[in-house]
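S.K.: My questions all concern the structure below.
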Amino acid sequence: MISVFLILSSLIGIGLFFNKNKSLMYSLLVLYVIQLWVFGISQYLQIHTEASFTYFKPDHIGILLLLALAIVAIPSLFHGYRYMEKHNEGETPRTKGLFFSALIFLMTASAAAYLSNHLAVTWIFVEATTLSASMLIYHHRNIRALEGVWKYVFICAISITFVFIGILFLSLSFKSAGITDLTFDSLYANYAKADLFWLRLSFIFIFIGFTAKLGLVPMYTAGIDAKDKAPAPAGALFASILMNVGFISIYRTYALINKTPLQHWAKTVILIAAVLSIFVAAVYMMRIKNIKRMFAYSGIEHMGIVMIGIAAGGIGVYAALLHIVLHTLVKPVMFFQYNQIYWVYQSKSIYDIGNYFKYNKTGAIVVLLGFLSVTAIPPSGMFVSEFLIFQSLIAQKLYLILILMFILLTIIIYGFGSNVFKLLFTPPIDFNEERVPVIKPWESLSQYILLGLAIWMAYCPPSILIELINGSLKLIA
Amino acid sequence: MTDILLIALAMSLLYMSIANRMITYIHILLFQGILLFAITYLTLDKVEPLNVAFIMLETIVFKAIAVPWFLNSLIKRNNITREAEPFLPNFLSLIIVTLIIVISIILSSSVSSKLIDKTFFIVALSTLFSGLYLIVSRRKIITHVIGYLIIENGVFILSLAVGNEMPMLVNLGIMLDIFASVLILGIFFNKIGDVLKDPDVDLLRNLKD
Numbered sequence: 001m002i003s004v005f006l007i008l009s010s011l012i013g014i015g016l017f018f019n020k021n022k023s024l025m026y027s028l029l030v031l032y033v034i035q036l037w038v039f040g041i042s043q044y045l046q047i048h049t050e051a052s053f054t055y056f057k058p059d060h061i062g063i064l065l066l067l068a069l070a071i072v073a074i075p076s077l078f079h080g081y082r083y084m085e086k087h088n089e090g091e092t093p094r095t096k097g098l099f100f101s102a103l104i105f106l107m108t109a110s111a112a113a114y115l116s117n118h119l120a121v122t123w124i125f126v127e128a129t130t131l132s133a134s135m136l137i138y139h140h141r142n143i144r145a146l147e148g149v150w151k152y153v154f155i156c157a158i159s160i161t162f163v164f165i166g167i168l169f170l171s172l173s174f175k176s177a178g179i180t181d182l183t184f185d186s187l188y189a190n191y192a193k194a195d196l197f198w199l200r201l202s203f204i205f206i207f208i209g210f211t212a213k214l215g216l217v218p219m220y221t222a223g224i225d226a227k228d229k230a231p232a233p234a235g236a237l238f239a240s241i242l243m244n245v246g247f248i249s250i251y252r253t254y255a256l257i258n259k260t261p262l263q264h265w266a267k268t269v270i271l272i273a274a275v276l277s278i279f280v281a282a283v284y285m286m287r288i289k290n291i292k293r294m295f296a297y298s299g300i301e302h303m304g305i306v307m308i309g310i311a312a313g314g315i316g317v318y319a320a321l322l323h324i325v326l327h328t329l330v331k332p333v334m335f336f337q338y339n340q341i342y343w344v345y346q347s348k349s350i351y352d353i354g355n356y357f358k359y360n361k362t363g364a365i366v367v368l369l370g371f372l373s374v375t376a377i378p379p380s381g382m383f384v385s386e387f388l389i390f391q392s393l394i395a396q397k398l399y400l401i402l403i404l405m406f407i408l409l410t411i412i413i414y415g416f417g418s419n420v421f422k423l424l425f426t427p428p429i430d431f432n433e434e435r436v437p438v439i440k441p442w443e444s445l446s447q448y449i450l451l452g453l454a455i456w457m458a459y460c461p462p463s464i465l466i467e468l469i470n471g472s473l474k475l476i477a
Numbered sequence: 001m002t003d004i005l006l007i008a009l010a011m012s013l014l015y016m017s018i019a020n021r022m023i024t025y026i027h028i029l030l031f032q033g034i035l036l037f038a039i040t041y042l043t044l045d046k047v048e049p050l051n052v053a054f055i056m057l058e059t060i061v062f063k064a065i066a067v068p069w070f071l072n073s074l075i076k077r078n079n080i081t082r083e084a085e086p087f088l089p090n091f092l093s094l095i096i097v098t099l100i101i102v103i104s105i106i107l108s109s110s111v112s113s114k115l116i117d118k119t120f121f122i123v124a125l126s127t128l129f130s131g132l133y134l135i136v137s138r139r140k141i142i143t144h145v146i147g148y149l150i151i152e153n154g155v156f157i158l159s160l161a162v163g164n165e166m167p168m169l170v171n172l173g174i175m176l177d178i179f180a181s182v183l184i185l186g187i188f189f190n191k192i193g194d195v196l197k198d199p200d201v202d203l204l205r206n207l208k209d
């Protein structure tokens with residue numbers, strides 16, 4: 001099934017690349033979304049089959065993130081369409097084709113990385129996401145985009161090398177027991193035979209390598225520039241599904257470590273990286289002037305929270321998985337809305353924008369609701385998951401981390417809030433109102449649906465979500 | 001015999017730390033590519049034509065011919081100054097790279113594993129860290145690329161040390177090499193050369209908060 005999906009997606013991607021016809025291009029995109037959904041649902045139906053899998057396996061965590069990807073794919077392609085057709089005159093059929101084909105390859109590679117059952121396969125598709133993401137970052141072909149793409153590719157190349165070294169050490173760790181099959185199933189079954197020295201080295205390299213995708217200290221820097229320079233519909237995908245690629249890879253590796261005596265050491269490593277990430281996000285939130293980068297730093301904060309939940313264990317893991325799903329739904333909203341803000345003000349600096357309620361009421365309400373959602377203020381869905389993570393920290397008696405988190409999150413809410421309220425209410429200086437384009441309310445419809453979905457999923461989770469999260473928990477428990 | 005070749009590779013790192021001209025770095029890359037071919041050939045258990053052809057393609061054709069030639073033409077085409085412009089004096093660099101090698105030796109002597117050949121491990125680690133050091137201590141974008149290629153060579157040796165029974169992993173590593181280096185070199189450095197004259201990392205410092 002997955003091979004059919006990969007082949008079909010590649011064909012659609014290649015078709016988009018060569019195609020110059022507009023209506024054919026959009027029919028191909030619709031076709032892609034349909035086949036993505038068909039694939040997602042068919043994988044979900046296969047979840048209970050006991051067939052033996054080698055490189056790909058539809059397990060709960062993979063399907064959970066795959067379905068989240070399928071949901072986010074629709075508004076991303078829709079906003080990609082608006083971005084190309086309505087507000088950017090300079091786009092030619094060729095640049096459009098390149099953009100959409102890179103978008104399709106990014107989504108396909110992420111979907112394959114979610115379902116991979118072998119660290120080396122994950123590794124290959126992570127490399128593929130770097131390639132397609134670099135095409136998206138370089139879309140505008142100016143010097144700043146070049147700088148962003150250079151940094152992104154360079155840091156991702158180094159990180160992917162780190163992951164490769166990690167895989168080498170992992171193979172060494174299992175080699176002494178005569179195990180050469182490195183699928184996750186085989187690793188989980190034979191964890192007791194692993195050589196702990198090499199396993200420890202392997203985890204540290206794999207963890208550091210994947211933080212480039214996850215957006216955690218130490219390799220988070222490239223992702224920020226990427227989300228800033230890529231067109232916002234692509235930035236939305238970087239901030240949601242691409243971060244999930246890093247998350248699932250670390251989650252699966254951690255699930256292995258969690259079974260061994262290295263468990264406590266790994267938790268400490270994750271906690272240090274996570275708290276440092278929230279700290280970095282807090283520091284930048286206080287002084288940031290570029291709202292798109294601000295949304296990107298907010299992603300760093302959320303990944304920090306998620307990893308703290310994972311390290312805390314117990315109910316924290318459930319909360320972390322819920323949090324990552326909600327984040328996948330909510331964060332793209334901010335990026336989609338960012339495009340409309342840019343069309344009004346032609347700037348992303350906080351000094352040039354303001355009084356957004358006057359120019360685009362529907363959009364302004366999205367920004368306000370999105371702000372409440374992202375900072376986990378009720379009725380935001382993330383309030384539930386963050387609350388559960390705090391509970392798990394108390395249960396584990398990690399009071400110091402809890403207090404640190406409270407302080408840093410308060411700073412983040414202050415920094416985020418002061419910029420968002422300036423955007424919404426303070427009138428801008430020297431702003432020519434005549435150039436403001438008319439933005440129809442229905443263009444913000446997808447944002448409302450995503451925000452509503454996030455609230456619904458947190459307060460009365462559908463049974464399929466609970467089933468998938470509980471199934472994913474079994475990896476760690 | 002492999003030990004001698006590996007030690008020669010470690011010595012090339014020392015030479016790299018004091019090299020002044022860009023062309024010397026390219027010669028070192030070429031030299032390392034040839035050494036890697038010899039080392040891989042000697043560690044093969046049985047000689048299969050297909051396998052040897054694959055290794056030759058990777059080490060001789062790719063690492064020793066294509067990449068150095070490409071870097072050289074980049075330097076000529078973009079009129080990059082011939083000097084490496086290090087941040088630190090050469091003498092200090094030499095001491096740091098020596099320290100890296102010494103630390104790698106100490107590190108790997110603390111590893112009591114029979115699975116891995118010590119010499120391979122030491123040389124792999126020191127190549128890795130020297131590559132990282134080269135990246136942080138030089139000013140030009142092209143020396144960053146060279147540093148990355150040296151890290152790749154280190155990973156190649158590491159995968160040889162680990163993977164003589166696991167051809168899948170070695171092939172994977174080879175794929176990493178080709179994929180990432182071609183991507184970095186081919187597409188983007190070319191573009192940077194078009195947009196910037198005398199590419200320097202200082203020119204890539206505008207994206208910030």
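Those protein sequence lines, which keep their order, are chains H and G. Here the first sequence is numbered in my numbering, starting from 1 and rising by one per residue. Here the second sequence is numbered in my numbering, starting from 1 and rising by one per residue. We put the CB at the ideal spot given by N, CA and C, even for glycine.
Can you tell which of G:Thr59, G:Leu14, G:Leu9, G:Phe121 has its C-alpha closest to the C-alpha of Leu92 (chain G)?
M.R.: G:Leu14
S.K.: I'd like the list of long-range same chain contacts for Glu301 (chain H), defined as Cβ closer than 6 Å, with 5 residues on each side in sequence excluded.
M.R.: Ile278, Ala281, Ile412
S.K.: Measure the C-alpha to C-alpha separation of Thr161 (chain H) and Ile469 (chain H) and round it to an integer number of angstroms.
M.R.: 31 Å
S.K.: Is any beta-carbon of chain H found at less than 8 Å from that of Tyr25 (chain G)?
M.R.: no
S.K.: So within the region 26-59 of chain H, which uninterrupted alpha helix (DSSP H) runs reach at least 4 residues, ignoring any that extend past its ends?
M.R.: none
S.K.: Inspect the CB distances between the region 341-361 of chain H and the region 392-408 of chain H and report whether three or more fall short of 8 Å.
M.R.: Segments in contact, no.
S.K.: Ordered along the chain, which non-local residues of its own chain (more than five positions away) have a Cβ less than 7 Å from that of Leu88 (chain G)?
M.R.: Ser137
S.K.: Just how far apart, CA to CA, sit Phe129 (chain G) and Phe164 (chain H)?
M.R.: Linking Phe129 (chain G) to Phe164 (chain H) through their CA atoms gives a straight-line distance of about 15 Å.
S.K.: Count the other CB atoms within 10 Å of the CB of Arg200 (chain H); is the residue buried (16 or more) or exposed (fewer)?
M.R.: buried
S.K.: Excluding sequence positions up to five away, which residues of its chain have a Cβ less than 8 Å from the Cβ of His323 (chain H)?
M.R.: Answer for His323 (chain H): His302, Ile305, Val306, Gly309, Met382, Ser385, Glu386, Ile389, listed in chain order.
S.K.: If you compare alpha carbons, which of H:Val333, H:Ile47, H:Ala454 is closest to Ser472 (chain H)?
M.R.: H:Ile47
S.K.: Any residues in the region 10-26 of chain H with a beta carbon nearer than 8 Å to a beta carbon of chain G? Which ones, in chain order?
M.R.: none
S.K.: Is Ile241 (chain H) closer than 8 Å to Ser110 (chain H) when the C-beta atoms are compared?
M.R.: Their beta carbons are under 8 Å apart, which means Ser110 (chain H) touches Ile241 (chain H) by this criterion.
S.K.: Go through its chain and collect everything with a Cβ distance to Ile136 (chain H)'s Cβ below 6 Å, but skip five positions before and after it.
M.R.: Note on residue identity: the sequence assigns Leu, not Ile, to residue 136 (chain H). For Leu136 (chain H), where only same-chain residues beyond five positions count, the Cβ hits under 6 Å are Ala102, Ala230, Ala234.
S.K.: Mind checking if Trp265 (chain H) is an interface residue toward chain G, Cβ cutoff 8 Å exclusive?
M.R.: no
S.K.: Relative to the C-alpha of Ile315 (chain H), which candidate in H:Gly354, H:Thr253, H:Ala395 has its C-alpha closest?
M.R.: H:Ala395
S.K.: Note down, in chain order, every chain G residue with its Cβ under 9 Å from the Cβ of Ser148 (chain H).
M.R.: Correcting the residue identity first, residue 148 (chain H) is Gly in this sequence and not Ser. Those are Leu207, listed as they occur along chain G.
S.K.: Verify the CB distance criterion: does Phe164 (chain H) have a CB-CB separation below 8 Å to chain G?
M.R.: yes
S.K.: Hey, does Ile75 (chain G) have any beta-carbon neighbour from chain H nearer than 8 Å?
M.R.: no
S.K.: Under three-state DSSP, which class holds Ile267 (chain H)?
M.R.: The sequence shown places Lys at residue 267 (chain H), rather than the Ile named in the question. It is helical.
S.K.: Let me know the secondary structure DSSP gives Pro379 (chain H) once reduced to three states.
M.R.: coil
S.K.: Quick one: what does DSSP say Ser10 (chain H) is sitting in, helix, strand or coil?
M.R.: helix
S.K.: For Ser186 (chain H), collect the residues of the same chain with a Cβ closer than 7 Å to its Cβ; drop the 5 residues on either side in sequence, then sort them by chain order.
M.R.: Ile179
S.K.: Suppose the cutoff is 7 Å on Cβ atoms and the five residues either side in sequence are ignored; what does the same chain contact list for Asp117 (chain G) look like?
M.R.: Ala161
S.K.: Cα separation between Leu321 (chain H) and Ser159 (chain H)?
M.R.: 24 Å
S.K.: Select from the region 46-64 of chain H all residues with a C-beta closer than 9 Å to any C-beta belonging to chain G, and list them in chain order.
M.R.: none
S.K.: In the DSSP output, which residue or residues are listed as bridge partners for Glu83 (chain G)?
M.R.: G:Arg21
S.K.: Below 8 Å CB to CB, which residues in the same chain sit around Lys227 (chain H) once its five sequence neighbours on both sides are set aside?
M.R.: Gly235, Phe238, Ala239, Lys292, Arg293, Phe295, Ala296, Gly299, Phe335
S.K.: Taking C-beta pairs closer than 7 Å, name the residues in chain H that Ser159 (chain G) reaches, listed in chain order.
M.R.: Leu168
S.K.: Taking a Cβ distance cut-off of 9 Å, strictly less, list which residues of the region 222-255 of chain H are near chain G, in chain order.
M.R.: Ile224, Asp225, Asp228, Lys229
S.K.: Roughly how many whole angstroms lie between the Cα atoms of Pro332 (chain H) and Phe357 (chain H)?
M.R.: 21 Å
S.K.: Taking 7 Å as the cut-off, is the beta-carbon of Gly299 (chain H) closer than that to any non-hydrogen atom of the ligand GDP?
M.R.: No copy of the ligand GDP occurs in the structure displayed, which carries no ligand at all.
S.K.: Quick check on the DSSP output: the alpha helix (DSSP H) that includes Phe169 (chain H) runs from which residue to which?
M.R.: 143-175
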